[in-house]
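Inspection log for the structure reproduced underneath, given as structure tokens.
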Amino acid sequence: IVEKNGFGGTCTQRGCIPTKYLHSVADIVRKMSMSKAYGIDSKIDLNYKILKSKMLTTVTKLASGIELLLKGNGVEIVEGEAEIISSNKVKVDNKILETKNIVIATGSIPVSLAGYDFKEKILSTDTFWNVEELPKSIAVIGGGYSGCEFASILNVLGCKVWLVEMEEILMPDHPQEIGNTLEKYMRIDGITVLTNSKVEKITEQGILINGENIDVEKILVCVGRKPNTNSDELKKLGIEFNSKGINVNKKMLTSISNIYAIGDITGKYELAHVASKQGEVVAHNIMGHDSEMDYSIIPFCVFTFPEVAFVGDCSGKSGEFPLRANAKANCLGDTRGFLKVFEKNGICVGTIIIGTRASELIGEATLAIKTQLKTEKFLEIIHAHPTLAEAFTEALRDIDGQSIHLPPRTES
Numbered sequence: 018i019v020e021k022n023g024f025g026g027t028c029t030q031r032g033c034i035p036t037k038y039l040h041s042v043a044d045i046v047r048k049m050s051m052s053k054a055y056g057i058d059s060k061i062d063l064n065y066k067i068l069k070s071k072m073l074t075t076v077t078k079l080a081s082g083i084e085l086l087l088k089g090n091g092v093e094i095v096e097g098e099a100e101i102i103s104s105n106k107v108k109v110d111n112k113i114l115e116t117k118n119i120v121i122a123t124g125s126i127p128v129s130l131a132g133y134d135f136k137e138k139i140l141s142t143d144t145f146w147n148v149e150e151l152p153k154s155i156a157v158i159g160g161g162y163s164g165c166e167f168a169s170i171l172n173v174l175g176c177k178v179w180l181v182e183m184e185e186i187l188m189p190d191h192p193q194e195i196g197n198t199l200e201k202y203m204r205i206d207g208i209t210v211l212t213n214s215k216v217e218k219i220t221e222q223g224i225l226i227n228g229e230n231i232d233v234e235k236i237l238v239c240v241g242r243k244p245n246t247n248s249d250e251l252k253k254l255g256i257e258f259n260s261k262g263i264n265v266n267k268k269m270l271t272s273i274s275n276i277y278a279i280g281d282i283t284g285k286y287e288l289a290h291v292a293s294k295q296g297e298v299v300a301h302n303i304m305g306h307d308s309e310m311d312y313s314i315i316p317f318c319v320f321t322f323p324e325v326a327f328v329g330d331c332s333g334k335s336g337e338f339p340l341r342a343n344a345k346a347n348c349l350g351d352t353r354g355f356l357k358v359f360e361k362n363g364i365c366v367g368t369i370i371i372g373t374r375a376s377e378l379i380g381e382a383t384l385a386i387k388t389q390l391k392t393e394k395f396l397e398i399i400h401a402h403p404t405l406a407e408a409f410t411e412a413l414r415d416i417d418g419q420s421i422h423l424p425p426r427t428e429s
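Residue numbers (my numbering): 18 to 429.
This is the structure in structure tokens:
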């Protein structure tokens, strides 16, 4: 395995792990800010240098764990930047590695705003981690997963946040109620959300949006990522690709019979769990098995406040249960959001969860959808009380207006 920037890729080094660490700290801050209502006096004094140090320790620990696992399984580690010079030869510095198979997993890199390179004031989701102090104010450009997460987290940590999205709703590629609900809670929490808006100009003083100049200390660009490819190298090898990434089939094979590609480089989904599963598929195929990638049921998690998670086909007939009616959510003092299930022909096909710990709950829905669990069988499951997972039962019952813990539906 050849690596130049630390094991774990974007996820461990600059993505999932550091942002989720920030999210967990922000959750502590959020709870402390509400503690007086529970009879607890607390003072919040955030030291970002200590926070960042602890975060980096966590990143290093997880990356080191990956390295230990690789070594423990007999994988040879080569530090440096690889160049594929033929279908069975890879060059790293002055060393030539000969191999039967090649797996390209070089990931993706942040896209910048047209005409504006990343620099001290204009940050990418990679360079954000170089900041030594949290900015007092920040404009987050892009209302997708990353933009919404950063906006939500930084707001709780004390930054004045503007979130700018060029489409009419946040997270525009997904069910509309997700973006609408998230925007509602963000506005309640004090985030200035500007949808249907574009950046017109960036100056030393701030950013011009919709004819209005907004004075911000930093600008965080979250407008997407692009494949980390070397087009000349791919052309020379005869590997087919497009603007989204390297073309692969369900076995993760490229147009060359012994060269595979996985992760963001394939342009499928920019999700670490998808990349991991793609890697498993490749490993099985290299070992002589017949394995294919299935993208039909992929859970998505957005670590905002409240969290968002969804999976499957979220359209058609549904039942919904508000967390304000869930006992555990009330005990947690975190009742915002809902759990919604979708069914077709008596089978659970999709779920949307907006609320506390949604990312932990979505696994049950994913399992039910993957196994094509009938709603009547799903209803036979006994959930422990009091738990957030009880909302599944109530949402399923609500499909036919039979929820026990909701008032009866009135006839229209």
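Beta carbons: idealized from backbone N, C-alpha and C, even for Gly.
- Here Arg426 carries a coil assignment [DSSP, helix/strand/coil].
- Excluding sequence positions up to five before and after Ile369, its CB lies within less than 6 angstroms of the CB of Phe327, Cys331 and Lys357, all in the same chain and listed in chain order.
- For Leu396, the CB contacts under 8 angstroms within the same chain, skipping 5 residues up- and downstream, are Thr410, Leu413 and Arg414 in chain order.
- When rounded, the separation of the alpha-carbon atoms in Cys348 and Tyr202 is 20 angstroms.
- Restricting attention to Leu151, Lys136, Glu20 and Val46, the CA atom closest to the CA of Leu87 is found in Glu20.
- Thr392: not part of any beta strand (DSSP E); member of the alpha helix (DSSP H) spanning Thr392 to Phe395, first to last residue.
- Gly164 counts as buried, since no fewer than 16 other beta carbons sit within 10 angstroms of its beta carbon.
- Taking every protein chain shown into account, the CB of Leu384 has fewer than 16 other CB atoms within 10 angstroms, so this residue is exposed.
- Between Met304 and Lys267, the CB-CB gap reaches or exceeds 9 angstroms.
- By the beta-carbon neighbour count (other beta carbons within 10 angstroms, threshold 16), Val92 is exposed.
- Judged by DSSP secondary structure, Gly164 falls within the alpha helix (DSSP H) whose first and last residues are Tyr162 to Val173.
- The stretch 339-348 makes contact with the stretch 401-409; the number of CB pairs closer than 8 angstroms reaches 3 or more.
- Going by beta carbons, Ile314 and Gly284 fall outside the 9 angstroms limit.
- The way I'd put it, the stretch 240-247 does touch the stretch 124-131; three or more beta-carbon pairs between them come closer than 8 angstroms.
- The three-state secondary structure of Gly26, taken from DSSP, is helix.
- Here the alpha carbon of Lys387 sits roughly 50 angstroms from the alpha carbon of Thr220.
- Taking a cut-off of 8 angstroms for Cβ pairs, the stretch 288-305 and the stretch 167-180 do not touch, as fewer than three such pairs fall below it.
- Residue range Cys33 to Ser50 is occupied by the alpha helix (DSSP H) that includes Asp44, with no beta strand (DSSP E) assigned at that position.
- Across the structure, Ile398 and Asn22 are spaced so that their CA atoms are roughly 46 angstroms apart.
- In this chain, the beta strand (DSSP E) harbouring Thr368 covers Ile364 to Ile371.
- Fully enclosed beta strand (DSSP E) runs of no fewer than 3 residues occupy 276-278, 317-319 and 325-329 of the stretch 256-335, in order along the chain.
- For the 9 angstroms CB-CB criterion, Phe317 and Val325 form a contact.
- If you ignore the 5 residues before and after Val298, its C-beta comes within less than 6 angstroms of the C-beta of Met269, Ser308 and Met310, all in its own chain and listed in chain order.
- Rounded to whole angstroms, the gap between the alpha carbons of Phe355 and Val109 is 51 angstroms.
- Put simply, the backbone Cα of Gln193 is about 38 angstroms away from that of His301.
- Separation of the CB atoms of Ile83 and Gly159 is rounded to 29 angstroms, and the pair is thereby denied contact status at 8 angstroms.
- The C-beta distance from Ile416 to Lys361 rounds to 11 angstroms, too long to fall under 8 angstroms, and the pair is not in contact.
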